[in-house]
Amino acid sequence: DAEMLEGPDPELAATMGFSGFGKKARTFDLEAMFEQTRRTAVERSRKVLEARERDKEEKAEKEFRNPCVDSSASASSAIGAGSKLTQRETACSESEDSSDEEVTGSAVQSQTYARGPAEDTDDDEDDEFIGPPLPPGFKDSDGNNDNDDTEEEDYNPVKKIPDSHEITLQHGTKTVSALGLDPSGARLITGGYDYDVKFWDFAGMDASLQAFRSLQPCECHQIKSLQYSSTGDVILVVSGNSQAKVLDRDGFPVMECIKGDQYIVDMTNTKGHTAMLNSGCWHPKIKEEFLTCSNDGTVRTWDLNSEKKHKSIFKPRSVQGKRVIPTTCTYSRDGKLIAAGCQDGSIQIWDRNMNVHTKFHCRQAHAPGTDTSCLTFSYDGTVLASRGGDDTLKIWDIRQFKKPLNSAERLPSFFPMTDCCFSPDDKILVTGTSVKKGGGSGKLFFFSRETFQKLYEIEVTDASVVRCLWHPKLNQIMVGTGNGLAKVYYDPVKSQRGAKLCVVKTKRKERQAETLTQDYIITPHALPMFREPRQRSTRKQLEKDRLDPMKSHKPEPPVAGPGRGGRVGTHGGTLSSYIVKNIALDKTDDSNPREAILRHAKEAEENPYWVAPAYAKTQPKTVFAEVEPEDDETDKPEWKKRKI
């Protein structure tokens, strides 16, 4: 047995599931196997003992030993471990009957554990294989299916795209222009044109999919780029202003880059950017270094520990030697090269340590005057992919930088940050497309890296697909769209953690305040009039208490009118406040006081209320002055005329 278990052949290992993850291991019911083994051993030993008893009667002691050796040898040859078994049988055959029975049982047990395929065909088809080691010729149906699936996946890369399930995170209503996922895949950050940065924790979220934090790190500037550092402890925030910010994992500021002097012509002499930022990223190896590019025509590297001045500066130049604006920038996978896509259609690559002249240069990578929205290096570091504002996606070998290896066209892009990225196995290239409002669905396209044939497409939503990110550890695809959604595509089998953690958690029910329910006191011997009604259920009692204004502490509604129940009305209780209110309401024109008084004269005469009733008998008749018409002064002498 030991010899058989020492070195299983590769086919056996593949069947048992040791050769790779995701294979189904063969399951064994140990109790049933041991029981069957025990029964078989007892049955075989009984038959052998009966045969030996018969032989003892017929032949002598000498003739009896030879068949026993022959039978043990035949058994050992069927097993394939002859030497050990033959020695044990020979040694035991010379002993008494009791030990003989025990050895026969063990021999038969060994024989049962190591049945060959030939012996199996003689037995019933329903009999299961007993014991862990399977025969070399045996092929399990499950194992075959798994191997076929693996081969099919290797041959057909579409099978590796995790898109069977999706979740939607509602960032806001405006474009999600930035996505970032920490290296472990535990937290997602989204930024948008609404100036917000939202934090999503997959392990902490439930099925309601709510962000646990939202902040505006750059006041009223659109977020251009978000990225976690290689260690995942800080976040680079690139927005529409000229100063990049670094936040910690919880969104608290760590550093803000300095703003340069915009009146200095030579950008080398300024300490920071002087115009709007376009993009930025972290160094893949050095955790304190990051890169930014700006409309001031420079690409600058920064050190996290020195915010007062940039570390180094790179100035892209056109064919004529004039300044051009870099719209995107990135590091190579090893961090030794810095690449920038510029508005004149060129892609310029520098050695990180030599900032004067470019190491690689392609003048007409994309159409001049368009914004190259993304540059990304493949995981093996030999290939560069570029997403152009001229609706193309191109792939380059930087050692032969004159013309692209492959190119895909008619991929509309309306945003200066439309993404492209490689799959974790480096065989697929992914990008999104933009659509106008009401112009169909934004799609995510998957291209083969080798042939650039379109392998697959996903209709994401009825808005543009701006950002895309395929995380290598989670094997999940994050997508940012033009209508404020962040979608996560995953496969329950192929993907790890991430969105799988939160979709299985049920939504937390919002419970009303427990203080509304009072403890129920059981008084079995109390009179019925003093006995509390028995509570049927907590929920019903909560609903009943909610309707009771006293138990639920319902606030009193505002007073309408002059006031009641000892509460002062909305205009106050004093006479002055009442008069002020009425003065404000009175719209009559009191510019002529005589007319204002005489307006009420008729009503006062007909219906006297205040003073007149007390003096009704003694009140003299009111006499009002008669208004005389102005005499014509033409007849008067000069000295009587009124002087003006």
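Quick note: to get the numbering used here, add 866 to the position in the sequence shown (first position is 1).
Just so you know, even glycine gets a beta-carbon here, dropped at the ideal spot from N, CA and C.
No experiment lies behind these values; they were computed from the predicted model shown.
{"Query": "W1262 burial status per 10 Å Cβ neighbour count (16 or more: buried)", "Result": "buried"}
{"Query": "Which residues DSSP lists as bridging W1505, in chain order", "Result": "Answer by DSSP bridge pairing: none, since W1505 is not bridged."}
{"Query": "Whole-angstrom distance between C1147 and C1086, CA atom to CA atom", "Result": "22 angstroms"}
{"Query": "Cβ neighbours of R1315 in the same chain (closer than 8 angstroms, five flanking residues each side left out)", "Result": "S1244, V1249, I1261, F1288, D1292, K1293, I1294, L1295"}
{"Query": "Straight-line gap, D1169 to I1152 (C-alpha atoms, nearest Å)", "Result": "10 angstroms"}
{"Query": "Reference L1035, options P1394, N1448, L1075, D1257, closest by Cα", "Result": "L1075"}
{"Query": "Spatial neighbours of R1253 in its chain, beta-carbon cut-off 6 angstroms, leaving aside the 5 residues before and after", "Result": "S1239, C1240, L1259, T1284, C1286, T1297"}
{"Query": "Spatial distance of T1097 from D1048 (CA atoms)", "Result": "8 angstroms"}
{"Query": "Every unbroken beta strand (DSSP E) within the segment 1055-1133, with a cutoff of 3 residues, ordered by chain", "Result": "1063-1067, 1079-1081, 1089-1094, 1100-1105, 1111-1114, 1119-1122"}
{"Query": "Coil, strand or helix - Q1342 by DSSP", "Result": "strand"}
{"Query": "Straight-line gap, L1143 to S1330 (C-alpha atoms, nearest Å)", "Result": "23 angstroms"}
{"Query": "According to DSSP, residues forming a beta bridge with S1273", "Result": "K1260"}
{"Query": "Within 8 angstroms, strictly: CB atoms of Q1214 and P1182", "Result": "yes"}
{"Query": "Segment limits, beta strand (DSSP E) that includes Q1209", "Result": "Per DSSP, Q1209 belongs to no beta strand (DSSP E) and is neither H nor E."}
{"Query": "Cutoff 7 angstroms; reference T1224; Cβ partners in own chain excluding five residues on either side", "Result": "Q1214, I1215, W1216"}
{"Query": "Alpha carbon of P1028 to alpha carbon of K1269, nearest angstrom", "Result": "32 angstroms"}
{"Query": "C-beta neighbour in chain D for K1177, strict 8 angstroms", "Result": "Of the chains in the structure shown, none is chain D; there is only one protein chain."}
{"Query": "Exposure label - P1390; buried when at least 16 CB within 10 Å", "Result": "exposed"}
{"Query": "Distance, F1180 Cα to M1220 Cα", "Result": "9 angstroms"}
{"Query": "The segment 1159-1173 contacting the segment 1111-1122, beta-carbon criterion three pairs below 8 angstroms", "Result": "yes"}
{"Query": "Collapsed DSSP secondary structure at I1465 in the structure displayed", "Result": "According to the sequence provided, residue 1465 is Arg. The question's Ile does not apply to it. The answer is coil: DSSP assigns R1465 none of H, G, I, E or B."}
{"Query": "Every unbroken beta strand (DSSP E) within the segment 1144-1199, with a cutoff of 3 residues, ordered by chain", "Result": "1155-1160, 1165-1169, 1178-1180, 1192-1197"}
{"Query": "DSSP-derived helix/strand/coil call for L1393", "Result": "coil"}
{"Query": "Proximity below 8 angstroms, CB of G1350 to CB of G1058", "Result": "yes"}
{"Query": "H1227 versus A1206, G1255, R1218, E923, residue with shortest Cα-Cα distance", "Result": "A1206"}
{"Query": "CB of Q1109 within 8 angstroms of CB of K1125, strictly", "Result": "yes"}
{"Query": "Helix, strand or coil at R1053 according to DSSP, with G and I counted as helix", "Result": "strand"}
{"Query": "Sequence-distant residues of its chain with Cβ nearer than 7 angstroms to T1372 (five each side left out)", "Result": "D1072, A1073"}
{"Query": "As assigned by DSSP and simplified to three states, the class of K1040", "Result": "coil"}
{"Query": "Straight-line Cα distance separating S1442 from V1467", "Result": "It is Ala, not Val, that sits at residue 1467 in the sequence shown. Cα-Cα distance, rounded: 26 angstroms."}
{"Query": "Cβ separation of I1033 and A1365, assumed to be a contact under 8 angstroms, to the nearest whole Å", "Result": "5 angstroms"}
{"Query": "Closest by C-alpha distance to F1490, when choosing among P1474, R1460, R1412, K1506", "Result": "R1460"}
{"Query": "L1513 and A1077 closer than 8 angstroms at C-beta", "Result": "Residue 1513 lies beyond the residue range present for the chain, which begins at 867 and ends at 1510; the question has no answer from this structure."}
{"Query": "Beta carbon of Q1088 nearer than 8 angstroms to that of G1106", "Result": "yes"}
{"Query": "Residues bridged to K1025 (per DSSP)", "Result": "DSSP lists no partner for K1025."}
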